[in-house]
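**Q**
There are 2 protein chains.
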Amino acid sequence: MPDLMPVLARADQNLPSSLDQLFELLRIKSISTDPAYKGDCRKAAVWLVDYLKTLGFDASVRDTPGHPMVVAHHDGASASAPHVLFYGHYDVQPVDPIELWDNDPFEPSVQEAAGRKILTGRGTADDKGQLMTFVEACRAYKEIHGSLPVRVTILFEGEEESGSPSLKPFLEANEAELKADYALVCDTSMWDRDTPAIAAALRGLVGEEIVVTAADRDLHSGLFGGAAANPIHILTKILAGLHDDTGRITLDGFYDGVEETPENIKASWETLGLTTEAFLGDVGLSVPSGEKGRSVLELTWARPTAEVNGIWGGYTGEGFKTVIAAKASAKVSFRLVGTQDPAAIRDSFRAYVQSRIPADCTVEFHPHGGSPAIHLSYDSPVLTKAKTALSDEWPKPAVVIGMGGSIPIVGDFQKMLGMESLLVGFGLADDRIHSPNEKYELTSYHKGIRSWIRIMEALAA
Amino acid sequence: MPDLMPVLARADQNLPSSLDQLFELLRIKSISTDPAYKGDCRKAAVWLVDYLKTLGFDASVRDTPGHPMVVAHHDGASASAPHVLFYGHYDVQPVDPIELWDNDPFEPSVQEAAGRKILTGRGTADDKGQLMTFVEACRAYKEIHGSLPVRVTILFEGEEESGSPSLKPFLEANEAELKADYALVCDTSMWDRDTPAIAAALRGLVGEEIVVTAADRDLHSGLFGGAAANPIHILTKILAGLHDDTGRITLDGFYDGVEETPENIKASWETLGLTTEAFLGDVGLSVPSGEKGRSVLELTWARPTAEVNGIWGGYTGEGFKTVIAAKASAKVSFRLVGTQDPAAIRDSFRAYVQSRIPADCTVEFHPHGGSPAIHLSYDSPVLTKAKTALSDEWPKPAVVIGMGGSIPIVGDFQKMLGMESLLVGFGLADDRIHSPNEKYELTSYHKGIRSWIRIMEALAA
Numbered sequence: 353m354p355d356l357m358p359v360l361a362r363a364d365q366n367l368p369s370s371l372d373q374l375f376e377l378l379r380i381k382s383i384s385t386d387p388a389y390k391g392d393c394r395k396a397a398v399w400l401v402d403y404l405k406t407l408g409f410d411a412s413v414r415d416t417p418g419h420p421m422v423v424a425h426h427d428g429a430s431a432s433a434p435h436v437l438f439y440g441h442y443d444v445q446p447v448d449p450i451e452l453w454d455n456d457p458f459e460p461s462v463q464e465a466a467g468r469k470i471l472t473g474r475g476t477a478d479d480k481g482q483l484m485t486f487v488e489a490c491r492a493y494k495e496i497h498g499s500l501p502v503r504v505t506i507l508f509e510g511e512e513e514s515g516s517p518s519l520k521p522f523l524e525a526n527e528a529e530l531k532a533d534y535a536l537v538c539d540t541s542m543w544d545r546d547t548p549a550i551a552a553a554l555r556g557l558v559g560e561e562i563v564v565t566a567a568d569r570d571l572h573s574g575l576f577g578g579a580a581a582n583p584i585h586i587l588t589k590i591l592a593g594l595h596d597d598t599g600r601i602t603l604d605g606f607y608d609g610v611e612e613t614p615e616n617i618k619a620s621w622e623t624l625g626l627t628t629e630a631f632l633g634d635v636g637l638s639v640p641s642g643e644k645g646r647s648v649l650e651l652t653w654a655r656p657t658a659e660v661n662g663i664w665g666g667y668t669g670e671g672f673k674t675v676i677a678a679k680a681s682a683k684v685s686f687r688l689v690g691t692q693d694p695a696a697i698r699d700s701f702r703a704y705v706q707s708r709i710p711a712d713c714t715v716e717f718h719p720h721g722g723s724p725a726i727h728l729s730y731d732s733p734v735l736t737k738a739k740t741a742l743s744d745e746w747p748k749p750a751v752v753i754g755m756g757g758s759i760p761i762v763g764d765f766q767k768m769l770g771m772e773s774l775l776v777g778f779g780l781a782d783d784r785i786h787s788p789n790e791k792y793e794l795t796s797y798h799k800g801i802r803s804w805i806r807i808m809e810a811l812a813a
Numbered sequence: 353m354p355d356l357m358p359v360l361a362r363a364d365q366n367l368p369s370s371l372d373q374l375f376e377l378l379r380i381k382s383i384s385t386d387p388a389y390k391g392d393c394r395k396a397a398v399w400l401v402d403y404l405k406t407l408g409f410d411a412s413v414r415d416t417p418g419h420p421m422v423v424a425h426h427d428g429a430s431a432s433a434p435h436v437l438f439y440g441h442y443d444v445q446p447v448d449p450i451e452l453w454d455n456d457p458f459e460p461s462v463q464e465a466a467g468r469k470i471l472t473g474r475g476t477a478d479d480k481g482q483l484m485t486f487v488e489a490c491r492a493y494k495e496i497h498g499s500l501p502v503r504v505t506i507l508f509e510g511e512e513e514s515g516s517p518s519l520k521p522f523l524e525a526n527e528a529e530l531k532a533d534y535a536l537v538c539d540t541s542m543w544d545r546d547t548p549a550i551a552a553a554l555r556g557l558v559g560e561e562i563v564v565t566a567a568d569r570d571l572h573s574g575l576f577g578g579a580a581a582n583p584i585h586i587l588t589k590i591l592a593g594l595h596d597d598t599g600r601i602t603l604d605g606f607y608d609g610v611e612e613t614p615e616n617i618k619a620s621w622e623t624l625g626l627t628t629e630a631f632l633g634d635v636g637l638s639v640p641s642g643e644k645g646r647s648v649l650e651l652t653w654a655r656p657t658a659e660v661n662g663i664w665g666g667y668t669g670e671g672f673k674t675v676i677a678a679k680a681s682a683k684v685s686f687r688l689v690g691t692q693d694p695a696a697i698r699d700s701f702r703a704y705v706q707s708r709i710p711a712d713c714t715v716e717f718h719p720h721g722g723s724p725a726i727h728l729s730y731d732s733p734v735l736t737k738a739k740t741a742l743s744d745e746w747p748k749p750a751v752v753i754g755m756g757g758s759i760p761i762v763g764d765f766q767k768m769l770g771m772e773s774l775l776v777g778f779g780l781a782d783d784r785i786h787s788p789n790e791k792y793e794l795t796s797y798h799k800g801i802r803s804w805i806r807i808m809e810a811l812a813a
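Chains as they are written, first to last, in our numbering: chain V, 353 to 813; chain X, 353 to 813.
1. If we cut at 8 Å on Cβ distances, does Trp664(V) have a partner in chain X?
2. Suppose the cutoff is 6 Å on Cβ atoms and the five residues either side in sequence are ignored; what does the same chain contact list for Asp392(X) look like?
3. Under 8 Å, Cβ to Cβ, is there at least one residue of chain V near Pro859(X)?
4. For His798(V), name the three-state secondary structure that DSSP assigns.
5. Closer than 6 Å by C-beta to Ile785(X): which residues in its own chain qualify, once you throw out the five before and the five after it? Chain order, please.
6. Quick one, which residues of the stretch 385-405 of chain X are near chain V if we go by CB-CB under 7 Å, in chain order?
7. Mind checking if His585(X) is an interface residue toward chain V, Cβ cutoff 8 Å exclusive?
8. If the criterion is Cβ atoms closer than 8 Å, does the pair Ala549(X) and Ile753(X) meet it?
9. Could you check what DSSP says for Phe606(V) in three-state terms: helix, strand or coil?
10. What does the Cβ neighbour count give for Gly577(X), buried or exposed, with the cut at 16 atoms within 10 Å?
11. Just the chain X side, please: which residues come within less than 8 Å of Ser638(V) by C-beta, in chain order?
12. Taking Ile785(X) as the query, report the chain V residues whose CB atoms sit under 9 Å from its CB, ordered along the chain.
13. What residue from Gly690(X), Ala677(X), Leu591(X) and Ser499(X) has the CA that sits closest to Pro614(X)'s CA?
14. Would you please state the rounded distance, in angstroms, between the beta carbons of Gly665(V) and Pro583(V)? I believe it to be under 8 Å.
15. Quick check on Lys520(X) - is its C-beta less than 8 Å from some C-beta in chain V?
16. Could you tell me the alpha carbon to alpha carbon distance between Met353(X) and Ala813(X), rounded to whole angstroms?
17. Let's see if you can read the secondary structure: which residues bound the alpha helix (DSSP H) around Pro521(V)?
18. Can we say the stretch 698-709 of chain V touches the stretch 622-633 of chain V, given the rule of at least three CB pairs closer than 8 Å?
19. When DSSP labels each residue in this structure, what does Phe631(X) get in the three-state scheme?
20. Against chain V, does Thr540(X) count as a neighbour if the rule is that its beta carbon must be under 8 Å from one of theirs?
21. So, for Ala741(V): in the same chain, excluding its five sequence neighbours on each side, which residues have a beta-carbon less than 6 Å away from its beta-carbon?
22. Does the distance from the CB of Gly721(X) to the CB of Arg698(X) come in under 8 Å?
23. What residues in the stretch 639-663 of chain X bring their beta carbon closer than 7 Å to a beta carbon of chain V?
24. Since Ala725(V) and Arg503(V) should fall inside the 8 Å C-beta cutoff, what is the C-beta to C-beta distance between them, to a whole number of angstroms?
25. Pull up the distance between the alpha-carbon of Phe438(V) and that of Phe672(V), whole angstroms please.
26. Please go through the stretch 377-437 of chain V and give each complete alpha helix (DSSP H) segment of 4 or more residues, from N-terminal end onward.
27. Assess, as a yes-or-no matter, whether the stretch 464-484 of chain X is touched by the stretch 788-797 of chain X under the definition of 3 or more beta carbon pairs within less than 8 Å.
28. Would you grab the beta carbon distance between Asp568(V) and Val675(V) for me? Rounded to a whole angstrom, and I think it's under 8 Å.
29. Just verifying my parser: in three-state terms, what is the DSSP assignment at Thr740(X)?
30. Any C-beta of chain V sitting closer than 8 Å to the C-beta of Asp454(X)?
31. Going along chain X, which residues have a C-beta under 9 Å from Gly756(V)?
32. Could you tell me whether any Cβ in chain V is nearer than 8 Å to the Cβ of Ser516(X)?
33. Please look up how many angstroms separate the CB atoms of Leu404(X) and Ala433(X), rounded, as I've assumed it's under 8 Å.
34. Helix, strand or coil: how does DSSP classify Glu615(X) here?
35. Would you report the Cα separation of Thr505(X) and Ala566(X), rounded to the nearest angstrom?
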C-alpha cells in the first residue's frame with residue numbers, strides 16, 4: 353500500500369494541531385437537552401462547517417426546528433469510488449453534578465493518568481473526539497494526496513443526547529442528498545484498550561417521563577399523613593413493580609420479540625474472556641442486577657431492560673420538611689432487543705402505570721424518543737474490509753460485538769435511506785461518558801484518526 | 353369580670369399596630385433548616401427580644417449551638433399568681449417551590465379572600481402569627497392594668513422546623529429558670545372557623561434520611577443497564593415495601609404500643625361531623641389512603657404513619673439523560689401514637705432498609721429528630737378554665753381534640769420540667785402551613801389575641 357504510509361505519517365505530524373482543533377470544539381457548551389445552551393449548539397455547528405470548508409468540503413449549517421444539522425460533501429479520487437455517509441453528533445450531555453468534576457468540563461486538557469495521556473472534558477469521548485477522528489483522517493489524506501479515496505458526505509447532528517427529534521424529518525426531506533452506499537458511524541467503543549471493535553447489534557430505546565399528582569397542593573404530613581394520598585408512595589410502588597424477584601420486567605407483552613441468543617453467538621462472546629468481576633469491579637460493583645443466570649455481556653447486549661434514570665418529589669434540600677408532596681416524577685427508559693416494538697412498549701408501560709393510579713390522583717406522560725434494536729450482518733464485505741484495516745492498526749485483531757447502548761440513527765439509515773451502517777468507535781468502557789470526568793484517551797484519538805485513514809483506503813480498494 | 357372588657361377593647365384598638373409588629377417579624381427570613389438563613393434566624397430572635405423589652409419583659413437572646421432561643425420573664429399582678437411558660441417558635445419552613453406563591457412569602461400583606469381578610473406570607477400561621485397573639489395579649493393587658501394577671505415566662509425557639517436539636521440541652525441547662533406551673537403552647541389549629549379547640553393528643557415523629565449508593569460513579573444506562581445495580585430501583589423497592597396492601601406499615605414491631613382508640617373517644621369524634629369528603633375534598637382528594645376501614649380523624653389523630661417526604665436521584669433536569677445514578681436518597685418520617693418508642697422505630701426502619709441493600713451497595717442513615725406521642729388529661733382544671741374562656745370568645749363552644757402533627761416540646765416539658773401543657777392555637781386547616789401561599793386569618797389573629805387575654809384572666813381567677 354504505497355499511498356497509505358505517507359498519510360499515516362502526516363496524521364502523526366498533525367497530532368498537536370489536530371488536538372488544538374478538537375479543543376476548540378470541546379470548549380463550546382453544546383448541551384442539547386437544556387434550552388439554555390441553544391446558542392452554543394449553533395456555535396458548534398458553525399465551527400464545524402467553517403473547519404470543514406478549510407478542508408475543501410462543501411459544508412453548510414442546515415436549520416431544523418431544533419438544533420441545526422451540519423452537512424458536508426467531498427468528491428472521491430474517482431467518480432466510481434464508493435460513497436460513504438459519515439455520521440457523528442456535536443451535542444453533549446449535561447455536566448451535573450458539576451462539583452464531581454476534577455477539571456472544568458468545558459476547558460479540555462491533556463492529563464497524565466496511570467502512565468497514559470488522556471483528554472479531559474465533556475464530549476471528549478461522546479462524541480466530539482470521535483467525530484474529529486474522521487475529520488482529521490480526511491485532512492491528512494487531503495494534505496498528502498489532494499483528494500479523498502472515497503466520496504464522503506458528512507452528517508453531524510446536534511440532538512443525539514436529547515432524542516433526535518429533528519432527525520427523521522431531515523432525512524426524509526434530504527434523502528437524495530444523504531443517501532450513500534453505506535454509513536460510517538463513530539459513536540461506539542473499543543472492546544478493550546488493545547482491541548478494536550465493530551458493533552453489529554445495538555439495543556433500542558424508549559424514554560418516558562411520568563408525573564404523578566395527588567392533592568392540589570403540598571400538605572403537612574402531620575395534619576394529613578395517613579389519610580391523604582402521597583404521590584411518592586404511588587410512584588415508588590409503580591417503579592418497584594416494574595421488575596419481579598427474578599429481575600424480569602413485568603409489563604404485559606414486554607418480551608414479545610425477544611429471542612434467546614443463539615448458542616454459537618454466546619460461545620463467541622465467551623471467548624472474549626470478560627468476567628463479571630472485571631466488568632462490574634471497574635465501577636465498584638460485584639453482583640449482577642437484572643435477570644438471573646445470564647452473563648453480563650448477555651445482560652447488556654442481548655436482553656431488554658427497564659431503568660429509572662431520574663426520580664424526584666417532595667423536599668430534597670438541606671434538613672427536613674414534613675411535607676406530603678403534591679407531585680412526584682420519574683424518568684424511565686427501556687432498552688430494547690430483537691424485534692421489540694417501541695410503540696407497544698410505551699403503550700404497555702402507560703397502561704401499567706395508569707392501572708396503578710388511585711381514582712383521585714392523576715398521571716401525565718411525556719415521551720422522550722423511541723427506537724427499535726438494530727442487527728447488522730456479521731459478514732458483509734464492508735465489515736470484513738474494516739475488520740482487516742482495524743486489525744492492521746491496533747495491537748490485537750478487531751472483534752465484532754454487540755452494544756448495550758442505542759444509536760437510533762442506524763435504524764433510521766436502514767429504514768429511510770436503505771443503507772447499512774458500519775459502527776466503529778474508539779471509546780473505552782472507563783471513559784465516563786454521561787458522567788463527571790468524561791475523558792478520551794490520546795491513543796484513541798491518534799490511532800482513531802489513523803484507523804479511518806486505513807478504513808477509507810480499504811473501502812476504496 | 354370588670355377587668356376584662358377594657359383589655360379586650362384595647363386589643364381591638366391596637367389591632368392595626370399589632371399587625372405592623374407582626375409584619376416586621378414576618379419580613380425576617382428565619383428559615384431554620386437552611387444554613388443560608390442563619391443570620392436571619394438570629395435577626396428574628398433579636399427583634400423579639402427588643403420588642404418584649406418595650407413591653408416590660410426581662411428578655412434576652414440566648415445562644416445555643418444552633419439558632420438562639422428567646423427567653424423573657426414578667427411578674428404577675430401578685431406573687432401568688434400562677435406561673436405560665438408560653439412557648440412558640442420564630443423559625444419558618446422553606447418556601448420552595450417559590451414559583452407557586454401568589455405573593456412574596458416574605459412581604460406579608462392583608463388580602464381579601466372569599467369575603468374574609470387574610471394575612472399572607474410564610475410564618476403567618478406557623479408560628480409567628482400565633483406566638484404574636486400571646487405577645488399582643490400581654491401588651492393590651494399591660495397598657496390597661498400596668499401588670500399581667502399571671503406570672504409569665506416566654507420561650508421562643510428557632511429550630512422547631514428543623515428537629516429542635518438545641519432544645520433539650522437548653523431545657524436541661526435552664527430547668528430552674530424555665531419551670532412554671534404549666535406551659536401554654538400556641539402552635540395548633542381551631543376545629544373550624546367558628547370552633548376553638550384544645551389539643552389533648554399529639555402524634556410523635558421520627559425523621560430519617562437515607563442515601564443508597566451503588567456504583568462509584570454515574571453510569572451510562574446503555575453500557576451498564578441490566579447488569580449494574582440501580583440505586584433508584586433499590587430505593588423504590590425499599591420504600592414501596594413500607595406499606596402492605598391494607599395500608600399497614602410492615603416494619604418489625606412497628607405497632608408495639610399502638611392501642612385501638614376507645615369507642616367513647618371515637619364516638620366523641622363522630623359528633624364533630626367531619627366527613628372524608630369534606631376533609632380530603634378540601635385538598636382535591638377523595639379516597640383515604642393509609643389503613644383501610646378507619647375514619648380520617650382516626651387515621652390522622654390516632655394511627656401511626658410512614659411517609660416519604662422527599663426523594664431524589666439521577667437526572668432530574670429538562671429533557672432526558674440515560675444515566676444509572678450512583679446514589680439515590682429519600683427523607684422518610686414516621687408519625688407515632690400511643691407508647692411507640694421513637695428509638696425502636698428508627699432501629700427497626702434501619703434494620704429493614706439494611707436487609708434490602710445488595711451486598712455490593714451501601715446505605716447511609718441521617719437521623720432528623722425523634723419524639724414520642726403525647727397524651728394530656730382531658731379534664732384538668734387548667735383545661736376546663738381555658739375551654740370556658742375560649743367558648744366565651746368564639747361563636748361556638750371549644751372542643752377537645754387530637755392532632756396529627758407533632759410538637760415534641762410538649763413531651764420535653766412533661767419529661768424534663770414535670771409540666772403539663774395547654775395547647776391552644778388559632779390556625780385553620782386551609783392555612784397551607786408548610787406549603788406555598790401560607791396564610792393566617794385576620795380573625796385568627798384578632799380573636800387569638802382576645803382569647804389569650806381571656807385565658808390569662810381565667811387562669812388567674
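From the three backbone atoms N, C-alpha and C, an ideal C-beta is built for every residue, glycine too.
**A** Quick answer:
1. Counting from 1 along the first sequence, the entry for residue 664(V) is found at position 312. It does; some Cβ of chain X falls within 8 Å.
2. Against the second sequence, residue 392(X) aligns to sequence position 40. Annotation for Asp392(X): Ile380, Lys381 and Ser382 place their beta carbon closer than 6 Å to its own, counting only its chain and skipping 5 residues before and after.
3. Summary: the structure shown does not reach residue 859(X), with chain X confined to residues 353 through 813, and so no result is reported for it.
4. The count along the first sequence starts at 1 and reaches residue 798(V) at position 446. In this structure, His798(V) counts as helix in the three-state DSSP scheme.
5. In the second sequence, counting from the first residue as 1, residue 785(X) sits at position 433. Here Ile785(X) has Ala477 and Asp478 as same chain residues with Cβ atoms under 6 Å from its own Cβ, once five neighbours each way along the sequence are excluded.
6. Per Cβ criterion, the list reads Thr385, Asp386 and Pro387.
7. Taking the second sequence and counting its residues from 1, one reaches residue 585(X) at position 233. Yes, His585(X) counts as interfacial toward chain V.
8. Within the second sequence, residue 549(X) is the residue found at index 197, counting from 1. Within the second sequence, residue 753(X) is the residue found at index 401, counting from 1. Result yes, Cβ atoms of Ala549(X) and Ile753(X) sit closer than 8 Å.
9. Here residue 606(V) refers to the residue found at position 254 when the first sequence is read from its first residue. Per DSSP, reduced to three states, the secondary structure at Phe606(V) is coil, with no helix or strand assignment.
10. The count along the second sequence starts at 1 and reaches residue 577(X) at position 225. Its Cβ being crowded by 16 or more others within 10 Å, Gly577(X) is buried.
11. By one-based count along the first sequence, residue 638(V) stands at place 286. Close partners of Ser638(V) in chain X (Cβ separation under 8 Å): Ala711 and Asp712.
12. Residue 785(X) sits at position 433 when you count from the first residue of the second sequence. Those are His572 and Leu575, listed as they occur along chain V.
13. Here residue 614(X) refers to the residue found at position 262 of the second sequence. The candidate whose alpha carbon is nearest that of Pro614(X) is Gly690(X).
14. If you number the first sequence from 1, residue 665(V) lands on position 313. If you number the first sequence from 1, residue 583(V) lands on position 231. That pair is a contact at about 6 Å.
15. For the purposes of this step, residue 520(X) is taken as residue 168 along the second sequence, with counting starting at 1. Chain V contact via Cβ: absent.
16. Position 1 of the second sequence holds residue 353(X). Position 461 of the second sequence holds residue 813(X). Its pLDDT being 49, under 50, Met353(X) is placed unreliably by the model, and the measurement read from it follows with that caveat. If you draw a straight line from the Cα of Met353(X) to the Cα of Ala813(X), it comes to about 10 Å.
17. For the purposes of this step, residue 521(V) is taken as the residue at position 169 of the first sequence. That run of the alpha helix (DSSP H) goes Leu519 to Ala525.
18. Between the stretch 698-709 of chain V and the stretch 622-633 of chain V, the count of Cβ pairs shorter than 8 Å is below three; the stretches do not touch.
19. Residue numbering aside, residue 631(X) sits at position 279 when the second sequence is read from its first letter. Phe631(X): helix per DSSP, three-state reduction.
20. Position 188 of the second sequence, counted from the start, is the residue given in the question as residue 540(X). For Thr540(X), the answer is no, since every Cβ of chain V falls outside 8 Å of its Cβ.
21. Translated into positions along the first sequence, residue 741(V) becomes position 389. For Ala741(V), where only same-chain residues beyond five positions count, the Cβ hits under 6 Å are Arg806, Ile807 and Ala810.
22. By one-based count along the second sequence, residue 721(X) stands at place 369. By one-based count along the second sequence, residue 698(X) stands at place 346. Here Gly721(X) is not near Arg698(X), since their CB atoms are 8 Å or more apart.
23. For the stretch 639-663 of chain X, the beta-carbon criterion of a distance under 7 Å to any beta-carbon of chain V is satisfied by Val639, Pro640, Ser641, Gly642, Val648, Leu651, Thr652, Arg655, Thr657, Glu659, Val660, Asn661, Gly662 and Ile663.
24. Working through the first sequence from its first residue, we reach residue 725(V) at position 373. Working through the first sequence from its first residue, we reach residue 503(V) at position 151. Not really, about 30 Å apart at Cβ, beyond 8 Å.
25. Mapped onto the first sequence, residue 438(V) falls at position 86. Mapped onto the first sequence, residue 672(V) falls at position 320. Straight through space, the alpha carbons of Phe672(V) and Phe438(V) are spaced by roughly 52 Å.
26. Along the length of the stretch 377-437 of chain V, whole alpha helix (DSSP H) runs at least 4 residues long occupy 390-406, reported in chain order.
27. Contact between the stretch 788-797 of chain X and the stretch 464-484 of chain X is established, with three or more Cβ pairs separated by less than 8 Å.
28. One-based indexing of the first sequence puts residue 568(V) at position 216. One-based indexing of the first sequence puts residue 675(V) at position 323. Not confirmed; about 14 Å, so no contact.
29. Taking the first residue of the second sequence as 1, we reach residue 740(X) at position 388. DSSP places Thr740(X) in the helix class (H, G or I) of the three-state scheme.
30. As a position in the second sequence, residue 454(X) is number 102, starting the count at 1. It does not: the Cβ of Asp454(X) has no partner Cβ on chain V nearer than 8 Å.
31. Along the first sequence, read from residue 1 onward, the residue named residue 756(V) stands at position 404. Per Cβ cutoff of 9 Å: His572, Ser573, Gly574, Leu575, Phe576, Gly577, Gly578 and Ala579.
32. As a working mapping, residue 516(X) is identified with position 164 in the second sequence. Using a Cβ-Cβ cut-off of 8 Å, Ser516(X) does not count as an interface residue toward chain V, since no Cβ of chain V sits closer than that to its own.
33. Start at 1 with the first residue of the second sequence, and residue 404(X) comes out as number 52. Start at 1 with the first residue of the second sequence, and residue 433(X) comes out as number 81. Contact between Leu404(X) and Ala433(X) is absent: CB atoms are separated by about 19 Å, not below the 8 Å threshold.
34. Position 263 of the second sequence, counting from 1, holds the residue named residue 615(X). Here Glu615(X) sits in helix by DSSP.
35. The sequence position of residue 505(X) within the second sequence is 153, counting from 1. The sequence position of residue 566(X) within the second sequence is 214, counting from 1. Distance between the alpha carbons of Thr505(X) and Ala566(X) is about 52 Å.
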